[in-house]
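Colleague:
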Amino acid sequence: MEGGVGRRMEGAGKAVGGWVGRRMEGAGKAVGGDCGRMALMAASANLHCIAYGDPEQNRAPKPFVDAYNNFLSSSRDKCRNRKVNESRLAEDLEQTWEVLAEPIQTVMRIYGIPEPYEKLKELTRGQAVTKDNMQQIINGLDIPEEVRSKLSKLTPHSYTGPAEDLARDIMKWVDLESGFQIK
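The sequence shown maps to residues 0 to 182 in numbering that gives the first Met the number 0.
1) Let me check understanding here. Comparing Cα to Cα, which of Ile103, Pro155 and Pro113 lies closest to glutamine 135?
2) Quick one: using the 10 Å Cβ neighbour count with 16 as the cut-off for buried, is tryptophan 18 buried or exposed?
3) Work out the CA separation of lysine 152 and glutamate 145 for me, nearest whole Å.
4) According to DSSP, simplified to helix, strand and coil, what is serine 151?
5) When the Cβ atoms of the segment 75 to 92 are set against those of the segment 117 to 137, are three or more pairs found closer than 8 Å?
6) Taking 8 Å as the CB-CB limit, is glutamate 144 close to chain D?
7) If we call anything under 8 Å between Cβ atoms a contact, is leucine 140 one with isoleucine 109?
8) What does the alpha-carbon distance come out to for the pair leucine 99 and proline 143?
9) Count the other CB atoms within 10 Å of the CB of threonine 105; is the residue buried (16 or more) or exposed (fewer)?
10) Assuming asparagine 155 contacts glutamate 101 (C-beta within less than 8 Å), just tell me the rounded distance between them.
11) Figure out for me which residue from Thr123, Lys82 and Arg81 has the closest Cα to the Cα of tryptophan 96.
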């Protein structure tokens with residue numbers, strides 16, 4: 000990956016990954032750990048799709064496959080018996096507009112807007128992060144209208160992008176007994 004893209008992707012979706020990890024339930028306890036990391040991997044892939052487009056390139060490349068073989072092997076059993084509390088997930092998500100900070104910051108970086116994290120922090124300091132103030136931030140950005148339109152359509156519920164398709168497609172590369180494979 001070029002320049003800081005890898006570092007940006009590494010941080011991508013931490014809020015989403017942590018949030019999903021907290022919402023998974025197993026044996027009556029909130030579960031994070033490997034299940035949360037798996038959610039983070041999906042969120043990172045999603046951010047890359049939003050920021051750089053070209054969903055055809057968002058298939059599991061060999062370096063990804065190699066890097067996560069061991070992780071998948073050690074994680075699959077831990078996540079098999081988890082149950083998602085869907086009503087709590089939807090309720091919490093509706094109040095979590097800050098998950099959109101990551102794609103907004105990434106777009107700001109792509110279009111050369113300096114200090115995107117600091118600007119978002121300044122614009123949201125001392126107030127709840129809501130749909131209205133996220134839309135005000137997006138409308139105030141010096142970015143192409145097409146990109147502004149895409150960002151404006153994002154909601155905490157819709158910020159999954161191609162994650163659902165990517166999750167379904169993972170079976171093209173994953174054998175749950177032996178890990179990742181390129182077929």
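Ideal Cβ placement from N, Cα and C applies to all residues, glycine included.
Modeller: Straight from the coordinates:
1) Ile103
2) Per-residue confidence for tryptophan 18 stands at a pLDDT of 44, beneath the threshold of 50, marking its modelled position as unreliable; the derived number appears in the next sentence. Result: buried.
3) CA-to-CA, the gap between glutamate 145 and lysine 152 works out to about 11 Å.
4) Helix, per DSSP.
5) no
6) No chain D is present in this structure, which holds just one protein chain.
7) Result no, Cβ atoms of leucine 140 and isoleucine 109 do not sit closer than 8 Å.
8) 18 Å
9) buried
10) Here residue 155 turns out to be proline, not asparagine, going by the sequence shown. That belief does not hold up - the Cβ atoms of proline 155 and glutamate 101 are roughly 12 Å apart, past 8 Å.
11) Thr123
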